[in-house]
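Undergrad: Below is one structure. I have some questions about it.
Number of protein chains: 6
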Amino acid sequence: MRKTGKRIKTVAKRQRGAAKRSGPAAPDQDEVMALKLRPAKLSPAMAELFRQSEETLGFVPNVLKAFAFDMAKLEAFVAYRNGLMLGPSGLSQLEREMVATVVSAQNHCFYCITVHGASVRKLSGDPVLGELMATNYRSARLTRRQRAMLDFALKLTVEPWAIEEPDRARLRTAGFSDRDIWDIAAVAGFYNMTNRLTSATDMRPNHPYHALAR
Amino acid sequence: MRKTGKRIKTVAKRQRGAAKRSGPAAPDQDEVMALKLRPAKLSPAMAELFRQSEETLGFVPNVLKAFAFDMAKLEAFVAYRNGLMLGPSGLSQLEREMVATVVSAQNHCFYCITVHGASVRKLSGDPVLGELMATNYRSARLTRRQRAMLDFALKLTVEPWAIEEPDRARLRTAGFSDRDIWDIAAVAGFYNMTNRLTSATDMRPNHPYHALAR
Amino acid sequence: MRKTGKRIKTVAKRQRGAAKRSGPAAPDQDEVMALKLRPAKLSPAMAELFRQSEETLGFVPNVLKAFAFDMAKLEAFVAYRNGLMLGPSGLSQLEREMVATVVSAQNHCFYCITVHGASVRKLSGDPVLGELMATNYRSARLTRRQRAMLDFALKLTVEPWAIEEPDRARLRTAGFSDRDIWDIAAVAGFYNMTNRLTSATDMRPNHPYHALAR
Amino acid sequence: MRKTGKRIKTVAKRQRGAAKRSGPAAPDQDEVMALKLRPAKLSPAMAELFRQSEETLGFVPNVLKAFAFDMAKLEAFVAYRNGLMLGPSGLSQLEREMVATVVSAQNHCFYCITVHGASVRKLSGDPVLGELMATNYRSARLTRRQRAMLDFALKLTVEPWAIEEPDRARLRTAGFSDRDIWDIAAVAGFYNMTNRLTSATDMRPNHPYHALAR
Amino acid sequence: MRKTGKRIKTVAKRQRGAAKRSGPAAPDQDEVMALKLRPAKLSPAMAELFRQSEETLGFVPNVLKAFAFDMAKLEAFVAYRNGLMLGPSGLSQLEREMVATVVSAQNHCFYCITVHGASVRKLSGDPVLGELMATNYRSARLTRRQRAMLDFALKLTVEPWAIEEPDRARLRTAGFSDRDIWDIAAVAGFYNMTNRLTSATDMRPNHPYHALAR
Amino acid sequence: MRKTGKRIKTVAKRQRGAAKRSGPAAPDQDEVMALKLRPAKLSPAMAELFRQSEETLGFVPNVLKAFAFDMAKLEAFVAYRNGLMLGPSGLSQLEREMVATVVSAQNHCFYCITVHGASVRKLSGDPVLGELMATNYRSARLTRRQRAMLDFALKLTVEPWAIEEPDRARLRTAGFSDRDIWDIAAVAGFYNMTNRLTSATDMRPNHPYHALAR
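Residue numbers (our numbering), protein chains in the order written: chain A, 1 to 214; chain B, 1001 to 1214; chain C, 2001 to 2214; chain D, 3001 to 3214; chain E, 4001 to 4214; chain F, 5001 to 5214.
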């Protein structure tokens, strides 16, 4: 259990091999995180995911490489995240990414602000909206619905112990169903988890995120 | 997506049916949370999990009932949590529950302090250790290893942005491998998620936890 | 003034002598606190108090043993505390113990959460109420009166400088008299004192408190 | 218990009667606090204390008038405070007043900063020292002993849960005995109590304190 | 003194007139801030400054337009800022902009993060460095000198009262002279001022900053 | 740039020479700050300012001596400050000094509390008002206008990112114009700057301030 492998950036190489990719050194070969964990052999499902990522994004997100030391953990993480962020919900994907970015900004998480700020820019087509979520969403010109959603997510991040019925009532007044409230809480909760996992391991965002959808 | 069902405590009834359980009203039929989400039909795997919970604990933990409005979400949550808390790790199950309780105490999460404080009592056979984790772990007589682990988990909870190489170095000095550091971060991160999900929904711990292993 | 005595746990022995108690080693012989202060000879009134404590509780609370290095200080402490917590008041003893526990939980004081959480359990006959006060009173189902009282006590603990007339007005609206407001403030203030005295000295709660009224 | 009397500033009149004082309206007849509590008849001991205060200071400190609705409470408060602040100790009276002022400044308590800042000016003969304690003791030129004492008192005020053996060890290194450590903690704890009692009741310092020992 | 003028975005029009500029509507005609202050006639020096800004940047920074209701205030602000940020110093312009961005990020100031993050990108030629300063400088790979400078600026922003000789000594050890320390403090202080002025008035950054030097 | 001169208290001597002043050692010869910066030759305007200060106050404020290592910086600072604090405004000079003192109290700045507390005492003729601003303005009996002004200044100091339209609206309701709001923000911002500059350099207030207008 405790043997440590070579620095996980070498994961990229093995994985590219598994995914039959070739070509010049790509930015994703950079440092992934501060922990040295030996990559496991990708399961067929995960090999396919990595291949698709290369195809769509041009790289495999470092959070996936970081988890790749254990296929069960990687698959569980991907399943949970995809259900949450891509599955059916009363919240649009953009709204979920806005929550993710605001939570990450509150937690000063370089990895997550970079990745989810880029998603907000891309999904909204509005580069400034991404920066507003990453710096101070109170300065954005938001709908009442968006503002209520982000205020709830921020309070849940900063003082979860103080959330009470009036906080949920404000969301209902803004038009959210109970299922939507679950989703806001679940997304805000999830990024409070990943912010901490990436901060604890000094995970580095892949370079291409920085220029994405500027 | 936005239709809300009857209060989710009715989940208990349906699920008991699915699980062929009979007998007098148990404490687990109490209120589950403040959101009203219509329970979905349990998948075979989840029906089996609920049945086993009834058998082992005498009840189904409310967090599982709360997630039962959507089988994909429930299964992904269970898979992620079980891999994290029950899977192979350089951290003992007790150590992982100590981290869970300390994080939950910092976040003043009634549900999670109750559940994980009970686990610490049970796994350690020491009721006072559970209370120490739930109030102030600094007052406990801990090994250097335990103390380093809990200090890291607390800092990661309170100011994740300030974790840096010296924090990881202190864990290595205390005997933790890089894989162990990942696990401490993953457990601390996970309960920063569930603390927020249970606080956001006012989730209630099943009554039997309170008396468990006192 | 600066001579230090043997570790104060030896106080228990001398005091039991003074109180003519005999029998096997009791849990109260454990460590009392981190400071070594030589116990003084118990005054007749204090000897009687210690004897009564043994009789009623089965032990002498460690806070009394800790103060026993100086009879004047011990007697003044006991007089002030008993007037406050046992004397006539518009607040019931349970309400006063609820305030004590909520303040102690905010200050993460292991000694005081243990002792006053036990008192809440005992006086209310409701073990869960004790745990709610010790973790997050906002999760409890309280009357408006109780809630107003605890909100005032918490704010007075966290930001005493921000208490103003509207805070007192809210208590009056909830049915409290000016004398009751004094008592809430006096109890909240007192535990802000004892929390700090017990934390500063690493005072340990007597073991029997943990199992009391579970 | 719940009958409220006339505003307690009338206490001054009755008490002056009891103390046989005469003369023009003095500043101490001003408002005492925001709660209206009917003054009780002064016990002989307290009548004597009030008389002495008039003689020595020219007024009765408002905190005593505020407590005068109940002789048992007033006497217990006076006994505890006098033992603490005037009784034998390894800490000089000035050192105890320095702790009182620093704690009160941290808690932004107008009553206590005024009263104890005046005491520091008077006992030290140094008006600037009083202001330094009332604004930021880190800007004062202190001995190592004084600095260690005030750092401990401040930490105990701000995060009592984080006091541990190294904090006590630093005091011992600076020359304090275990008994002295008790006294520092007891004084810091006491003003964390009175700061809250005076803030909760909007207690007003007697005017003469402001000009005292400038 | 209290007459308010038309919303200050009209300043742009008048000023463009003064500066003899023509052409299509530029982004600088957008909203400047939430206060409506009537623009004053530009003094010759300020008209020249505005003209140069248009020439160099393509727009007049909104902070200058905001101050343009009073020429004396605008000129004093410009003189102070230019001396600080462009004048001779042991700190490079990039270092001063790094301090400005880190302070602004701590204060979640949308205007200043946008403007100074852009300056860091431009002066360093490294877009990612700008984002690191704007999110969490601890994640950047900095020299010891840079790190010491930014740690000092951050502490001075968050808890100025706790800066003491060891903080200055750490800067000297990292190679900074006393004059450099003054400059770090002056820059960090200045942006603690402007962050508050722009937040208080909801000042909006000119759009072109967002894309600058990406 | 990096040569450091003799400790800046020697500035006083040179400057007195430049200002043709003679006589016994005055209190302004004391320590100015913790940085050693060689004083520059006073420009005629600054020599005149220093001379007037000596005449009016009996000393040159240490903040001016501290800046005197560079005439351009000193002149820009004086121009900005004088425009702000002495120039035309809908806020009286007393109101501006009240804001300055409340901000400085929040930042625990010994230099600025001393100087601006003295100004409040002098301008109001009410020594207690100065102490109230320096300890806790909530304890003062203020007009609605004053209270709204100070609440805004405090919030802008503590959490500038959270200022929004309702905060400005409250000021307008209390009778302030948009220009007045600018001035409140500008004064609060300015002292957030000088508090940090004086704390960073351990600047010492001239002794005469302490006794001024008591």
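Beta carbons: idealized from backbone N, C-alpha and C, even for Gly.
The structure presented is a predicted model; accordingly, all values stated were derived computationally and were not measured.
1) Which residues in the same chain as B:Ala1118 place their Cβ atom closer than 8 Å to its Cβ, once the five residues preceding and following it in sequence are excluded?
2) Return yes when the Cβ of B:Asn1136 is within less than 7 Å of the Cβ of D:Trp3161, no when it is not.
3) Please confirm whether C:Asp2151 has its beta-carbon closer than 7 Å to some beta-carbon of chain D.
4) Quick check on F:Arg5196: buried or exposed, where buried means 16 or more other Cβ atoms within 10 Å of its Cβ?
5) Let me make sure I understand the geometry here. Which of C:Cys2112, C:Val2103 and C:Met2033 has the alpha-carbon closest to that of C:Asp2151?
6) Can you give the Cα-Cα distance for D:Ser3043 and D:Met3071, rounded to whole angstroms?
7) Specify, as a first and last residue, the run of the alpha helix (DSSP H) that A:Phe110 falls within.
8) What's the gap between the Cα of B:Val1115 and the Cα of B:Phe1050?
9) Report, in whole angstroms, the separation of the C-beta atoms of F:Phe5069 and D:Leu3132, which I expect to be a contact under 8 Å.
10) Can you grab the Cα-Cα spacing for the pair E:Glu4031 / E:Arg4204, in whole Å?
11) Please compile the residues from chain F whose C-beta is within a distance smaller than 8 Å of the C-beta of C:Glu2164.
12) Which residues in the same chain have their Cβ closer than 7 Å to the Cβ of D:Ser3139, if we skip the five residues on either side of it in sequence?
13) What is the DSSP secondary structure of A:Met85, counted as helix, strand or coil?
14) Let me know if C:Val2179 comes out buried or exposed under the rule of 16 or more other beta-carbons within 10 Å of its beta-carbon.
15) Name the residues in the region 3164-3192 of chain D whose C-beta lies less than 7 Å from a C-beta of chain B; which are they?
16) Under a three-way DSSP split, which group does A:Lys65 fall into?
17) Just checking: is the beta-carbon of B:Thr1198 within a distance shorter than 7 Å of some beta-carbon in chain C?
18) For A:Pro166, does the count of other Cβ atoms within 10 angstroms reach 16, so buried, or fall short, so exposed?
19) Can you tell which of F:Glu5054, F:Arg5145, F:Leu5156 and F:Thr5056 has its C-alpha closest to the C-alpha of F:Thr5173?
20) Got a sec, what are the start and stop residues for the alpha helix (DSSP H) C:Glu2097 sits in?
21) Please return the same chain residues whose Cβ sits closer than 6 Å to the Cβ of A:Leu94, not counting the five positions on each side in sequence.
22) Rounded to whole angstroms, what is the Cα-Cα separation between C:Leu2142 and B:Gly1058?
23) Give the range of the alpha helix (DSSP H) segment to which D:Gly3130 is assigned.
24) Using beta carbons (cut-off 7 Å, strictly below), is E:Phe4050 in contact with chain A?
25) Please list, in chain order, all residues of the same chain as F:Val5099 whose beta carbon is under 6 Å from its beta carbon, the five residues on each side excluded.
26) Check each candidate in C:Ala2105, C:Met2033 and C:Ala2185 and name the one with the smallest Cα separation from D:Ala3034.
27) Write down the C-beta distance between E:Arg4170 and E:Ala4134 rounded to the nearest angstrom, noting that I regard them as a contact closer than 8 Å.
28) Can you tell me whether DSSP reads F:Phe4985 as helix, strand or coil?
29) Taking C-beta pairs closer than 8 Å, name the residues in chain A that E:Thr4114 reaches, listed in chain order.
30) First and last residue of the alpha helix (DSSP H) that includes F:Thr5056?
31) Can you give me the C-alpha to C-alpha distance between A:Ala105 and B:Ser1199, rounded to a whole angstrom?
32) Can you tell me which of the three DSSP states F:Lys5073 falls into?
33) Going along the chain, which residues of its own chain have a beta-carbon closer than 6 Å to the beta-carbon of B:Leu1175, five neighbours each way excluded?
34) Determine the contact status of F:Met5193 and E:Asn4192, defining contact as a CB-CB distance below 7 Å.
35) For A:Lys41, tell me which candidate among A:Gly87, A:Lys65, A:Asp202 and A:Glu54 has the shortest Cα-Cα distance.
TA: Taking the definition as stated:
1) Gly1130, Tyr1209, His1210, Leu1212 and Ala1213
2) yes
3) By this cut-off, C:Asp2151 is not an interface position.
4) buried
5) C:Val2103
6) 7 Å
7) It spans Phe110 to Ser124 - the alpha helix (DSSP H) in which A:Phe110 sits, taken as one unbroken run.
8) 17 Å
9) Not confirmed; about 27 Å, so no contact.
10) 7 Å
11) Arg5138
12) Leu3132
13) It is helical.
14) Reading off the sequence, residue 2179 of chain C comes out as Arg, not Val. Burial call: buried.
15) Glu3164
16) helix
17) no
18) exposed
19) F:Arg5145
20) Gln2093 to Gln2106
21) Leu123 and Ser124
22) 28 Å
23) Pro3127 to Thr3135
24) no
25) Ala5153, Val5187 and Ala5188
26) C:Ala2185
27) Between E:Ala4134 and E:Arg4170 the Cβ distance is about 24 Å, and since that is not below 8 Å, they are no contact.
28) Missing from the structure shown is residue 4985 of chain F; chain F here goes from 5001 to 5214 and no further.
29) E:Thr4114 reaches chain A at Glu131 and Thr135, counting residues in chain order whose Cβ is nearer than 8 Å.
30) Pro5044 to Leu5057
31) 21 Å
32) helix
33) Checking the displayed sequence, the identity of residue 1175 of chain B turns out to be Gly instead of Leu. Taken in chain order, the residues that qualify are Arg1145.
34) yes
35) A:Lys65
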